[in-house]
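To start, the structure under review is shown below, and the notes come after it.
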Amino acid sequence: MILLVTNRDDVTTDFIVNRLNKLQEPYYRLNTEDLVSNVGVNIDISCDKYILVDHQKNQIINLSSIKSVYYRRPGLPKFNNSSLPKSEIEFMSREIISLLEGIYKILNDRFWISPVYSIREAENKIHQLLVARELGFEIPRSLITTLKDNAIAFWHRAQGSCIVKPIKSGKVNDNRNPMVIFTSSISADDLEILNNVDVCPTYLQSQIDKLADIRVTVVGEQVFPAIIYSQDFPETVVDWRKGENVRLRHEKTKIPLNLERKCIELIKRLNLHFGAIDFILEKGNRFVFLEINPNGQWGWIEKRLGYDISGALVNLLLEGVRAYEQD
């Protein structure tokens with residue numbers, strides 16, 4: 185059986201579910217926000233019996249039957265009893281998260297796309313850049329600093345052609361008004377914001393004059409490159425993700441064979457089986473590495489361009505099932 189670890193609203197996992205249904209392969213989708221409220225857990229360590237009980241589906245999942253895991257996008261616990269004090273809800277949330285971590289450990293010897301702790305390590309953008317540089321990728325001049333003078337000096341060395349971006353996720357979680365911090369350029373008029381870098385680490389890079397953005401989705405040793413014409417609209421010139429309300433052109437593309445090999449090697453070096461790698465396509469057909477999302481979105485690429493990414497992922501998961509059964 186294949187375990188899909190995600191949340192109710194994750195449409196990307198729906199692609200995998202549809203493919204597994206067509207193949208009539210057994211799987212269980214664990215929407216982790218349902219833990220305790222809709223999905224019970226029983227970990228009997230003395231008897232080595234570990235089960236999930238899905239109350240809605242009236243289904244019992246023995247964790248020993250899980251041979252392969254797709255770790256996609258787990259959600260935070262939700263509680264029906266909102267009248268509880270905030271401190272108690274926070275305590276219960278921590279307990280459920282620890283329970284979930286324990287389930288990951290029980291399944292540690294199974295095949296994962298990708299191992300949880302490898303994903304977490306690979307998400308660190310400082311670590312990514314160091315590994316990418318070691319593998320020979322071209323990277324922008326980069327500075328992460330909390331020192332005001334160094335930040336301002338970096339901007340001047342870049343002759344004002346400089347961007348700022350989050351080190352981790354750009355999501356700002358506010359229940360009333362959630363926001364996303366996108367990559368932004370820093371003009372001379374914005375320079376005073378660098379006076380505040382001492383209160384929060386600031387990630388600066390030289391801004392590159394790009395022709396387009398390249399998204400390379402890697403599954404195992406398969407590569408699915410797409411070109412995104414980010415320069416077609418003013419709002420997407422610096423960060424194409426800002427273009428939620430515009431229909432950016434996407435096309436299948438080809439990248440140099442040596443770059444394909446480096447992308448696959450990067451995935452292996454980070455102990456991953458999947459990665460969504462972003463590049464800038466610069467004049468002269470130069471590819472500049474920006475970052476890798478070890479658990480990034482790919483559904484829209486498959487839908488718009490016809491790449492069989494879900495098929496590649498399912499094949500890899502099934503290979504993991506067969507390999508575990510043979511051991």
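Using my numbering, the first residue of the sequence shown is number 185, and each one after it goes up by one.
Glycine is no exception: its CB is placed at the ideal position from the N, C-alpha and C atoms.
For the alpha helix (DSSP H) that contains residue i, what are its first and last residues?
i    : result
F538 : Because the chain spans 185 through 511 in this model, residue 538 falls outside it and cannot be assessed.
R399 : Element bounds for R399: not the alpha helix (DSSP H) but the beta strand (DSSP E), 394–403.
G224 : Counting along the chain, G224 falls outside any alpha helix (DSSP H), though it belongs to the beta strand (DSSP E) covering 223–228.
F199 : 195–207
I493 : 493–510
Going straight from the alpha carbon of residue i to that of residue j, what length do you get?
i    : j    : result
Y450 : A316 : The amino acid at residue 450 is misidentified as Tyr; the sequence shows Leu. So the alpha carbons of these two residues sit roughly 7 Å apart.
L219 : D228 : 17 Å
W482 : I392 : 25 Å
R203 : E209 : 9 Å
D492 : Y288 : 28 Å
I157 : K394 : Because the chain in this structure spans residues 185 to 511, residue 157 falls outside the shown range and cannot be described.
A335 : A372 : 13 Å
V201 : V237 : 20 Å
G459 : I250 : 23 Å
F471 : F263 : 46 Å
A306 : I244 : 34 Å
I365 : V223 : 34 Å
R257 : I303 : 11 Å
A496 : L378 : 44 Å
E444 : K241 : 43 Å
V407 : I448 : 8 Å
M276 : S221 : 12 Å
V294 : D194 : Strictly speaking, residue 294 in this sequence is Arg, with Val absent from that position. Those two C-alpha atoms are separated by around 23 Å.
A396 : P409 : 13 Å
T196 : N226 : 29 Å
I310 : P478 : 14 Å
S345 : F199 : 40 Å
E519 : I273 : This structure cannot settle anything about residue 519, because the visible part of the chain is limited to 185 through 511.
I186 : Q510 : 16 Å
H340 : V300 : 40 Å
S414 : D232 : 53 Å
E466 : E419 : 19 Å
I323 : S390 : 10 Å
K514 : L268 : Only positions 185 to 511 of the chain appear in this structure, which leaves residue 514 out of reach.
N191 : N442 : 37 Å
F338 : P385 : 14 Å
N205 : A342 : 53 Å
S326 : L207 : 46 Å
L314 : D333 : 24 Å
K426 : G480 : 16 Å
G490 : S271 : 48 Å
Which residue from the options puts its Cα closest to that of residue i?
i    : options                : result
I485 : S345, V402, L474       : V402
E435 : R399, L441, E405, V422 : R399
F417 : L432, P409, F408, A410 : L432
H239 : L465, L214, V498, S248 : L214
L283 : G320, Q312, A396, I235 : I235
Q312 : N292, N226, I351, S277 : I351
V498 : D194, K270, H457, F463 : H457
Y212 : C346, L188, S271       : L188
Y508 : N292, E272, L465       : N292
I476 : K452, E466, F338, K467 : K452
S468 : E419, P440, R506       : Residue 468 is actually Gly in this sequence, not Ser. Comparing Cα positions, the closest option is P440.
N246 : S271, S230, K270, I290 : I290
Taking 9 Å as the threshold (C-beta atoms), are residue j and residue i in contact?
i    : j    : result
G504 : I280 : no
L557 : T329 : Nothing about residue 557 can be read from this structure; the chain reaches only from 185 to 511.
V348 : L388 : yes
Y254 : L502 : no
F321 : K438 : no
V381 : L331 : yes
F463 : L454 : no
D423 : S368 : yes
How is the beta strand (DSSP E) around residue i delimited, first residue to last?
i    : result
K487 : Not the beta strand (DSSP E): K487 falls in the alpha helix (DSSP H), residues 483–489.
D238 : 233–238
S252 : 252–255
N477 : 470–477
N246 : 243–246
I351 : Neither: I351 is in no beta strand (DSSP E) and is coded neither H nor E.
L214 : 211–215
V189 : 186–190
P409 : 406–412
F263 : Run containing F263: none; DSSP gives neither H nor E here.
Within the 9 Å Cβ cut-off, does residue i reach chain D?
i    : result
G224 : Absence of chain D from the displayed structure is noted, only one protein chain being present.
Do residue i and the ligand SAM come close, with the Cβ less than 8 Å from some heavy atom?
i    : result
F275 : Although the ligand SAM was asked about, the structure shown includes no ligands whatsoever.
Could you pull out every unbroken alpha helix (DSSP H) segment of at least 4 residues lying fully inside the stretch 414–462, listed in chain order? 441–453
What residue ranges within the stretch 302–345 form continuous beta strand (DSSP E) runs of no fewer than 3 residues, ordered along the chain? 326–329
Please list the segments of the beta strand (DSSP E) lying wholly inside the stretch 366–393, counting only runs of 3 or more residues, in order along the chain. 386–390
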